[in-house]
Ligand code: SF4
Ligand code: SF4
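Numbering (our numbering), first residue to last: 24 to 754.
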């Protein structure tokens, strides 16, 4: 070992020792913070599926590849990071000796080839990612950036380190080529040979370049160890765990569909036995999220994909799912020293720690602990109430997140505490909640008018109890029974089912609201009250049938979602289809045959609770494809990336006071396609988009209509016109 190698070896060992010591401390800190969360035992089941999903999502970059260029570039950088860790290891042999290399695999041509290839592709990938970050920087003139609110220096730093490490890899190899110590053939390592042709014959260069490479890598480790909230770096390690522990690993769109039940001490809360002094009602303190919630916050990469798709953020509301996650993360880590010292409030609001425990506590941690989780700027709140109540629970954030963060569950958990304990929510929603409690529907319509939509149909709509051998129970829903526009859809669906010879029956006055708006606003108590009543009614209606024969068809995606995905949590197992799915089946089976396709250009708006939350994208398009001359003109934001109408998450019953109206934004997009018909598959979307069209003064030119009505018109244009008139006059 020459004198140069003695110096490089000592320096490499010293910086590595410091970096590893700091990194171990940082990992222990992250683990300690995550462990502050509440138990969540369900995350440990079905490890086989969890492992498969985690490997498939990581290796396949299934979310990111939807953003093709970014996804491909990130894939090469990720693979580069894993494979090139070997080259960092190799550098430790090279600081010791200019001819050093990895034992066993070092020297194999195939190793030289693979690492060379990955280094080249990784370099291209990281340059692309840097270019994208620069192009989308928040300070660029005009437009909103998905990086707004992200810590930009951290992103640039991480990317610069990756680029520098890759370049140093070529320099080390180049010096080996120049000094004739390189063991790989030209065909396997052409770039390294090209670099070598430019470098002098200087054997110390190998060890010095290797030291620089190690120093850069260890500086990166030191920086991230000193910044445990640096998600852009830590996600490289945490994302595997976050994906592994996602809520439902076997389901596309985990964190969508059903909401996570309200939990206390790791178990779903039973309101009959619940005690607010012993049980947690939603989330009022950051440590009341589960450990998976805290892992979610720690894993956020600050990529801003969620933000770029969020309807609230895109229409000027203060909510960005990314900024919400970052606020919770920063608060959790700032409060952690106080919590780890034994601090915290019990459920009656009393301090748990003794004065001695808090005696030497960092004042900043104590100040952080005093911040209310939900509160305005004047109260120093972590999350502003306007942020919390702006969410439509559309699920675009969950859908986009490459590391499977479950934003909607966290938002609803915080709403639950506000509604159930603080009674603090937008006042206008109070009427809806009172109506649900007193009348069983959000409009407060008399229950004895639930069947009014059946009047004048020209055929009898059977009720459960009057017939036993029905195939489908037609769940009409509150909108479908009481809301004028939705009643047209209900009548169209009943007419089509009757036409196709499907045997169905309704519950009539036996039906009440599924509880979706109550649950999404955070009133789990009202949800459970309504849901238990409905589960009982439905179990009675299907008495003696297997699950496969307990079939329900619903026209409202919110009912569809609640009946199919959430009633199982309360003992109601049913086979639920949306009416567009059943109609698509009837058309393909030849039981309904469109004969006169509707003309004039049509676009389709995916309802969030049908599309993203339940992956029903094809069925409505199949029906429309058969029913519309020239097919569908898609909007730029469609299918998984569809833009919300603004009504979900009980926003239908709240005023939209901030920013641009979401429905207007969506209607502008729909109208930009030139279509004269906007087809929908949800009564709330129908109302919101129709309001948007009227608001733009385009009511004469553009019609908002349900998929079922489009199909009915294409079957029997005259009858459909009559149907339209009857429903309108009956309203
Ligand atoms: S659910 Fe929709 S509205 Fe709510 S934060 Fe996510 S993207 Fe935004
Ligand atoms: S998409 Fe996920 S990782 Fe990216 S900023 Fe949003 S929450 Fe964070």
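Think of the CB as a built atom: it goes at the ideal place given N, C-alpha and C, for glycine as much as any other residue.
Problem - residue 49 to residue 247 span [Cα, whole Å] - result: 8 Å
Handout entry: Test item: CB-CB of residue 388 and residue 360 under 7 Å
Key = yes
Problem - Proximity to residue 331 [Cα-Cα], best of 275, 424 and 270 - result: 424
Practice task
Kindly list the residues whose CB is nearer than 7 Å to the CB of residue 650, restricted to its own chain and excluding five residues on each side of it in sequence; keep chain order.
Solution key: 617, 620, 621, 733, 734 and 737
Exercise for the section: Could you round the C-beta distance between residue 760 and residue 509 to whole angstroms and report it? I think they count as a contact, below 8 Å. Expected result: The displayed coordinates of the chain run from 24 to 754. Any statement about residue 760 would go beyond what the structure contains.
Practice task
Can you tell me which of the three DSSP states residue 115 falls into?
Solution key: helix
Handout entry: Inter-residue Cα distance where the pair is residue 143 and residue 183
Key = Approximately 15 Å between the Cα atoms of the pair.
Practice task
For residue 83, count neighbouring C-beta atoms within 10 Å of its own C-beta (all shown protein chains included) and say buried if the count is 16 or more, exposed if not.
Solution key: exposed
Exercise for the section: Please state whether DSSP places residue 749 in a helix, a strand or coil. Expected result: Confidence at residue 749 is low in this model, with a pLDDT of 40, below 50, so the placement of that residue is unreliable and no value is reported for it.
Handout entry: Cβ neighbour criterion (16 or more within 10 Å) applied to residue 105
Key = Exposed, because fewer than 16 other Cβ atoms sit within 10 Å of the Cβ of residue 105.
Exercise for the section: Taking 7 Å as the cut-off, decide whether the C-beta atoms of residue 147 and residue 195 are in contact. Expected result: no
Practice task
Go through its chain and collect everything with a Cβ distance to residue 235's Cβ below 7 Å, but skip five positions before and after it.
Solution key: 191.
Practice task
Spatial neighbours of residue 647 within its chain, please: CB distance less than 7 Å, with the 5 preceding and 5 following residues excluded, ordered by chain position.
Solution key: For residue 647, the CB contacts under 7 Å within the same chain, skipping 5 residues up- and downstream, are 625, 627, 655, 702, 730 and 733 in chain order.
Problem - residue 408 beta carbon near ligand 1 (any heavy atom closer than 6 Å) - result: no
Handout entry: Delimiting residues of the beta strand (DSSP E) encompassing residue 599
Key = 598-601
Exercise for the section: Just grab the DSSP bridge partners of residue 625 for me. Expected result: 655 and 700
Handout entry: Chain-order list of residues whose beta-carbon lies under 8 Å from that of residue 314 (same chain, five-residue window excluded)
Key = 57, 58, 59, 60, 61, 62 and 63
Exercise for the section: Give the secondary structure of residue 742 by DSSP, where H, G and I count as helix, E and B as strand, and everything else as coil. Expected result: Summary for residue 742: the model assigns pLDDT 49, below 50, so the residue's position carries little reliability, and this model does not support an answer.
Practice task
Starting from residue 432, trace the alpha helix (DSSP H) both ways and give me its first and last residue.
Solution key: Counting along the chain, the alpha helix (DSSP H) containing residue 432 begins and ends at 430-443.
Practice task
Answer with buried or exposed for residue 724, where buried requires no fewer than 16 other C-beta atoms within 10 angstroms of its C-beta.
Solution key: exposed
Practice task
Return the CA-CA distance between residue 26 and residue 237, expressed in angstroms with no decimal places.
Solution key: 19 Å
Problem - Status (buried if at least 16 other CB within 10 Å, exposed otherwise) for residue 31 - result: The residue in question, residue 31, is buried, as its Cβ has 16 or more Cβ neighbours within 10 Å.
Practice task
Decide if residue 743 is buried, meaning its Cβ has at least 16 other Cβ atoms within 10 Å, or exposed.
Solution key: Unreliable positioning characterises residue 743 in this predicted model, as indicated by a pLDDT of 47, which lies under 50. A coordinate reading is not provided.
Practice task
For residue 397, write down the residues that DSSP places opposite it in a beta bridge.
Solution key: 406
Practice task
Given a cut-off of 7 Å, decide if residue 669 and residue 711 are closer than it, judged by their beta-carbon atoms.
Solution key: yes
Problem - Distance, residue 38 Cα to residue 17 Cα - result: Shown here, the chain extends from 24 to 754; a query on residue 17 therefore has no answer.
Problem - Under the three-state DSSP convention, the category residue 285 falls into - result: Assignment of residue 285 by DSSP, reduced to helix, strand and coil, places it in the coil class.
Practice task
Check residue 311 in the structure and name its three-state DSSP category.
Solution key: Looking at residue 311 - three-state DSSP - the assignment turns out to be helix.
Exercise for the section: Please list, in chain order, all residues of the same chain as residue 287 whose beta carbon is under 6 Å from its beta carbon, the five residues on each side excluded. Expected result: Setting aside the 5 residues that flank it on each side, residue 287 is surrounded in the same chain by 302 and 303, each with a C-beta closer than 6 Å to its C-beta; the list follows chain order.
Problem - First and last residue of the uninterrupted beta strand (DSSP E) at residue 575 - result: Residue 575 -> beta strand (DSSP E) spans 574-577.
Exercise for the section: Please list, in chain order, all residues of the same chain as residue 212 whose beta carbon is under 6 Å from its beta carbon, the five residues on each side excluded. Expected result: Correct list, in chain order: 135 and 139.
Problem - Heavy atom of ligand 3 within 6 Å of residue 636 beta-carbon - result: You won't find ligand 3 in this model; what it holds is ligand 1 and ligand 2.
Practice task
Could you say which of 413, 504 and 533 lies nearest to residue 677 if we only look at CA atoms?
Solution key: 413
Problem - residue 410 versus residue 199 - alpha carbon distance - result: 57 Å
Exercise for the section: Could you give the DSSP three-state label for residue 44: helix, strand or coil? Expected result: helix
Exercise for the section: Return the CA-CA distance between residue 592 and residue 284, expressed in angstroms with no decimal places. Expected result: Those two C-alpha atoms are separated by around 8 Å.
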